[in-house]
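**Student:** Numbering of the sequence shown is given in full-length UniProt numbering, commencing with residue 1 and proceeding in unit increments.
Pasting in a structure now, in structure tokens, and then I'll have a few things to ask.
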Amino acid sequence: MEWLDKINSAIDYMEAHMEKKMDYQKAAKIACCSLSGFQRMFTFATDITLSEYVRCRRMALSAYDLIHGDEKVVEVALKYGYESAAAFTRAFQTFHGVPPTAVRKLGIYTEYPRITLEIKVNGGSLCMSTKPIVRIEEHGNERLAGFFVNCKAPEEAAWNMLRKWSTNQLKDYPARRYIGCAPKGHHPEGEEHQTEEADIVHEYLAYVFLFEEEGRENTFKGAEVCDGPKGLFLVGDVALNEFRDDGTIDIGESMMKAYGVMSEFLKETSAYEFDMGTRPYYEEHVFTKEWFETGGEMAGFKLWLPIKKLSECC
1 MEWLDKINSA IDYMEAHMEK KMDYQKAAKI ACCSLSGFQR MFTFATDITL
51 SEYVRCRRMA LSAYDLIHGD EKVVEVALKY GYESAAAFTR AFQTFHGVPP
101 TAVRKLGIYT EYPRITLEIK VNGGSLCMST KPIVRIEEHG NERLAGFFVN
151 CKAPEEAAWN MLRKWSTNQL KDYPARRYIG CAPKGHHPEG EEHQTEEADI
201 VHEYLAYVFL FEEEGRENTF KGAEVCDGPK GLFLVGDVAL NEFRDDGTID
251 IGESMMKAYG VMSEFLKETS AYEFDMGTRP YYEEHVFTKE WFETGGEMAG
301 FKLWLPIKKL SECC
């Protein structure tokens, strides 16, 4: 199909400019569509946003450069758009699980191959995307800075508070990990999900993970500090490919779709079950530096669903 060839050509352009400031408008022009249309089509086809794809590719390419080249860590950081070695190292460790020096020494890293779109017929379905990535994580002893609101559109209000604080108080804010939580749920009165939910009032908390020395007290640079989530969580990428009539992402519908996939995964493991009776679920937001500066859509979104091991049979 011609439109698929055009999108692949746009991806070719992005691949050739990973070491430069990415011009998404130029990529959209190559794909012969508007920027918003290109973003929606890319997310629909790949289950990942444009900016998150570029971030992951740069992380994989930077690891390859460290292993096969002799550039210093700070040189690789600057090449892929990071302003400091510290910010790069934290983002690198979040992605690969180990710091740049360990990858260079061991030669082991997380691969993230370039995407080439193709259409496959699977039974009676036309497939152009894959399932969200799902994994099990165990958390404990982490400290967070939190921002609480109880109002209409609380998610937007809480994240705006956190964004303002992070940009003023943290030098490495793009490399941090961020989660949110509605303690009583997004529909505390039992309402069904609606496309437009700006009038629903409920509590919401937006958190940023702190490093050990930052979380020793009950406050950090004016923000309240608390313990992070504890226990086992099923963490799954939410494919942000459900849209409202006005073209904006419908996170609620996207979350429900991902929940179904994650439930299937949990059944297949036969070793865990959900543990949501008393434990809340969390929403991890992946932000780009551009989001902190100008707002807009997030780069990625993950669900943290509390789980526990099944009791062994007698």
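The C-beta atom is built at its ideal place from N, Cα and C for all residues, glycine as well.
(1) Which of the three DSSP states, helix, strand or coil, is assigned to R55?
(2) Locate the beta strand (DSSP E) running through K184, then write down its first and last residues.
(3) Quick check on DSSP: helix, strand or coil for R135?
(4) Is the beta carbon of K184 closer than 8 Å to that of H202?
(5) Which residues in the same chain as V74 place their Cβ atom closer than 6 Å to its Cβ, once the five residues preceding and following it in sequence are excluded?
(6) With three or more C-beta pairs closer than 8 Å as the rule, is the region 141 to 161 touching the region 56 to 67?
(7) Is V225 closer than 8 Å to A145 when the C-beta atoms are compared?
(8) Count the other C-beta atoms from every protein chain shown that fall within 10 angstroms of the C-beta of M41, then say buried if there are 16 or more, exposed otherwise.
(9) Relative to the C-alpha of T43, which residue among D237, L232, R135 and S62 is closest?
(10) To the nearest angstrom, report how far apart E293 and A31 are at their CA atoms.
(11) Roughly how many angstroms lie between the CA atoms of Y272 and V286, to the nearest whole one?
(12) Relative to the C-alpha of Y282, which candidate in G295, E137 and L61 has its C-alpha closest?
(13) Tell me whether A85 sits in a helix, a strand or coil according to DSSP, three-state version.
(14) Determine the direct distance from the alpha carbon of N160 to that of G124, and round the result to whole angstroms.
(15) Let me check understanding here. Comparing Cα to Cα, which of G180, F274, F301 and Q169 lies closest to G231?
(16) Assign K21 to buried or exposed, taking buried as 16 or more other Cβ atoms, counted over all protein chains shown, within 10 Å of its Cβ.
(17) Just how far apart, CA to CA, sit F211 and P100?
(18) In whole angstroms, give me the CA-to-CA distance for A27 and K257.
(19) Using the beta-carbon count (16 or more within 10 Å), is M298 buried or exposed?
(20) Tell me the DSSP secondary structure of H96 in three-state form.
(21) Please report the residue range of the alpha helix (DSSP H) in which V261 lies.
(22) In the DSSP assignment, what residue or residues form a beta bridge with A145?
(23) How about L205 and L117: do their beta carbons lie closer than 8 Å?
(24) Taking buried to mean at least 16 other C-beta atoms within 10 Å of its own C-beta, is L310 buried or exposed?
(25) Let me know the secondary structure DSSP gives K20 once reduced to three states.
(26) With a threshold of 6 Å on Cβ separation, who are the neighbours of S9 within its own chain once the five nearest residues in sequence on each side are excluded?
(27) Excluding sequence positions up to five away, which residues of its chain have a Cβ less than 8 Å from the Cβ of C181?
(28) Near T219, what residues of its chain come up, given a Cβ to Cβ distance below 8 Å and the 5 sequence neighbours on each side ignored?
(29) Within 10 angstroms of its Cβ, does T278 collect 16 or more other Cβ (buried), or is it exposed?
(30) Tell me, which residues are paired with P306 by DSSP?
**Tutor:** Short version:
(1) Correct three-state label for R55: helix.
(2) First-last for K184: undefined, no H or E at that position.
(3) Here R135 carries a strand assignment [DSSP, helix/strand/coil].
(4) Yes; because the gap between Cβ atoms is below 8 Å, this pair is in contact.
(5) These residues qualify, in order along the chain: A85.
(6) With a cut-off of 8 Å, the region 141 to 161 and the region 56 to 67 do not count as touching, because too few Cβ pairs lie within range.
(7) Result yes, Cβ atoms of A145 and V225 sit closer than 8 Å.
(8) Classification for M41: buried.
(9) Between T43 and the set D237, L232, R135 and S62, the nearest pair of CA atoms involves D237.
(10) Their backbone Cα atoms lie some 27 Å apart in a straight line.
(11) Approximately 27 Å between the Cα atoms of the pair.
(12) Measuring from the Cα of Y282, the nearest candidate turns out to be E137.
(13) In the structure shown, A85 sits in a helix (DSSP, three-state: H, G or I).
(14) Any answer about G124 is weak, because its pLDDT of 35 lies below 50 and its placement is not dependable; what the coordinates show is given next. Cα-Cα distance, rounded: 44 Å.
(15) Nearest of G180, F274, F301 and Q169 to G231, Cα basis: F274.
(16) Of the other Cβ atoms in all chains shown, fewer than 16 fall within 10 Å of the Cβ of K21; this residue is therefore exposed.
(17) Each residue's CA atom was taken as its position, placing F211 and P100 some 18 Å apart.
(18) A direct Cα-Cα distance of roughly 29 Å separates A27 from K257.
(19) Burial call: buried.
(20) Under the three-state reduction of DSSP output, H96 falls in the helix class.
(21) Its alpha helix (DSSP H) spans residues I251 to T269.
(22) Looking at the DSSP assignment, A145 forms a beta bridge with V208 and V225.
(23) Remark: C-beta atoms of L205 and L117 do not approach each other more closely than 8 Å.
(24) Exposed, by the Cβ-count rule.
(25) The answer is coil: DSSP assigns K20 none of H, G, I, E or B.
(26) Excluding residues within five positions, the ones whose Cβ falls inside 6 Å are I30.
(27) Contacts found: Y204, L205, Y207, P280, Y281, Y282 and E283.
(28) Within the same chain, T219 has close Cβ partners V225.
(29) Per the 10 Å Cβ criterion, exposed.
(30) Looking at the DSSP assignment, P306 forms a beta bridge with F233.
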